[in-house]
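J.: Have a look at this one.
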């Protein structure tokens, strides 16, 4: 994953009100400005579809995370 | 349901391994404790909701249509996870419910060591299930290699704990080594015991790798939402993002909490709020989803190669 591009996207969406509004109403139009891979695009859109912008804790966020987190048991 | 059936058989396998300990005053009961925790092999919860202990069995069945002969390997992985949890509690010394807190380190170390030995013993029980010697050796090699990687990852994590300049690359490396490698191992072992060809074994191992990465990131997001990693000043993916992509007062507050803890340190709720508002949790959530998307693509590949992968999609919901 070219993390830098996704980082730039998130920084722009969270740091610029105009971009945030565009992203909320039409995420594809914002994504088109960033050179994301297909898997990255799907990850962004899936997150958006499930949770919108993740700006605070919610039951939806917990529900999205919990089943995936459950394997983890740290090595000492 | 198939999950309940597999979970019941796995519980039976683990119970059979623990049974000889029942003469040693309380050791059997203590050994069962970490195995009975949520999503572990002896958990009472519904396997439908928490099928993680079944992962090697599901992979094995996806390829070969059978899984019973893989039960000792699945049991071994549960015993290793349980041992790791006991050791982890001894190191962290931050849980009032842990074996080490309640019975002392000596007892806890002995319980964990017993679980490690039983894990090795469990793998040898593959022979009883009719698995050929060369395959048993390959399973042992896969399990020992994965857990050696996990221990090395833990060492790296401990070594980095005091360093402030942890980058995302280093975070991802540690996440793979100490955690995702064990999920990869579960899938690898399941595919090995299905007698799959090497290409298919590698495909399922890669699925496990990506599933494990998603799982570790999900765990680190929970570390923020539940506050535990904030309290411990633990630098995980959301914090790395926030420290790199914020400035001004937000950056200052985060540094006070994670880099230069002082008496004027911001409280946990305040830090959590900063991490949400900076987009750090959103970024980590996308990253988790990215690994899930990769895992899904790999499952499609496995399906084209003849695998029956529907049940594995449960882990990517």
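Residue numbers (the working numbering), protein chains in the order written: chain V, 14 to 89; chain P, 82 to 398. All C-beta atoms, glycine included, are put in the ideal place defined by N, C-alpha and C. Model, not experiment: these values are computed from the prediction.
For residue 88(V), which residues in the same chain have their Cβ closer than 7 Å to its Cβ, ignoring the five residues on either side in sequence?
T.: Low confidence applies to residue 88(V): its pLDDT is 41, below 50, so where it sits in the model is not reliable enough to give any reading.
J.: Would you mind telling me which residues of chain V sit closer than 8 Å to residue 306(P), beta carbon to beta carbon, in chain order?
T.: Chain V residues near residue 306(P): 70, 74, 75, 78.
J.: Examine the Cβ distances between the stretch 183-199 of chain P and the stretch 106-120 of chain P and report whether three or more of them are shorter than 8 Å.
T.: Yes: at least three Cβ pairs fall under 8 Å.
J.: What first and last residue would you give for the alpha helix (DSSP H) that runs through residue 95(P)?
T.: Its alpha helix (DSSP H) spans residues 83-99.
J.: If residue 148(P) and residue 87(P) are in contact, beta carbons under 8 Å, what's the gap, nearest whole angstrom?
T.: About 7 Å separates the two Cβ atoms, so the contact holds.
J.: Would residue 67(V) pass as an interface residue toward chain P - the criterion being a Cβ-Cβ separation below 7 Å?
T.: Answer yes: the Cβ-Cβ gap between residue 67(V) and chain P drops below 7 Å somewhere.
J.: What in chain V is Cβ-close to residue 311(P), meaning under 8 Å?
T.: The contacting residues do not exist; residue 311(P) stays about 12 Å from chain V at best.
J.: Under 7 Å, do residue 157(P) and residue 200(P) count as touching if we go by C-beta distance?
T.: Against a cut-off of 7 Å, the Cβ pair of residue 200(P) and residue 157(P) comes out as a contact.
J.: Classify residue 300(P): buried if its beta carbon has 16 or more other beta carbons within 10 angstroms, exposed otherwise.
T.: Residue 300(P) comes out buried.
J.: Along the stretch 85-107 of chain P, where does the CB come closer than 8 Å to a CB of chain V? Name the residues.
T.: Taking 8 Å as the Cβ-Cβ cut-off against chain V, none of the residues of the stretch 85-107 of chain P qualify.
J.: In chain order, what are the residue ranges of uninterrupted alpha helix (DSSP H) at least 4 long that sit wholly in the stretch 220-276 of chain P?
T.: If we require 4 residues or more, the alpha helix (DSSP H) runs fully inside the stretch 220-276 of chain P come out as 249-256, 262-274.
J.: Rounding to the nearest angstrom, what Cα-Cα distance links residue 74(V) and residue 21(V) in this structure?
T.: Their Cα atoms are separated by approximately 22 Å.
J.: Is it a yes or a no for the stretch 229-238 of chain P touching the stretch 251-264 of chain P, going by three-plus beta-carbon pairs under 8 Å?
T.: Touching, yes.
J.: Please compile the residues from chain P whose C-beta is within a distance smaller than 9 Å of the C-beta of residue 43(V).
T.: Under the 9 Å cutoff, chain P gives no residues; its nearest Cβ is about 13 Å from residue 43(V).
J.: Can you tell me whether residue 209(P) is helix, strand or coil according to DSSP?
T.: Coil.
J.: For residue 86(V), I'd like the list of residues in its chain whose CB is within less than 8 Å of its CB, leaving aside the five on either flank, ordered along the chain.
T.: Low per-residue confidence applies at residue 86(V): pLDDT is 48, beneath 50, and the placement is therefore not dependable enough to give any value.
J.: Can you list, in chain order, the residues of its chain whose CB lies under 8 Å from that of residue 18(V), leaving out five sequence neighbours each side?
T.: Same-chain partners within the cutoff: 47, 48, 49, 53.
J.: Would you check if the distance between the CB atom of residue 144(P) and the CB atom of residue 123(P) is smaller than 7 Å?
T.: No, the Cβ-Cβ distance between residue 144(P) and residue 123(P) is not below 7 Å.
J.: Per DSSP, what kind of secondary structure is residue 392(P) in: helix, strand or coil?
T.: It is helical.
J.: Name the chain V residues whose beta carbon is nearer than 8 Å to that of residue 357(P)?
T.: Residues of chain V passing the Cβ test: 67, 68, 69, 70.
J.: Looking only at C-alpha atoms, which of 375(P), 380(P), 370(P) sits nearest to residue 59(V)?
T.: The option with the nearest alpha carbon to residue 59(V) is 370(P).
J.: Pick from 270(P), 318(P), 175(P): whose alpha carbon is nearest that of residue 218(P)?
T.: That would be 270(P), whose Cα lies nearest to the Cα of residue 218(P).
J.: Closest to residue 159(P) by CA distance: which of 169(P), 178(P), 118(P) is it?
T.: Nearest option by C-alpha distance: 118(P).
J.: Suppose you measure from the CA of residue 388(P) to the CA of residue 62(V); what does that come to, to the nearest Å?
T.: So the two alpha carbons sit approximately 29 Å from each other.
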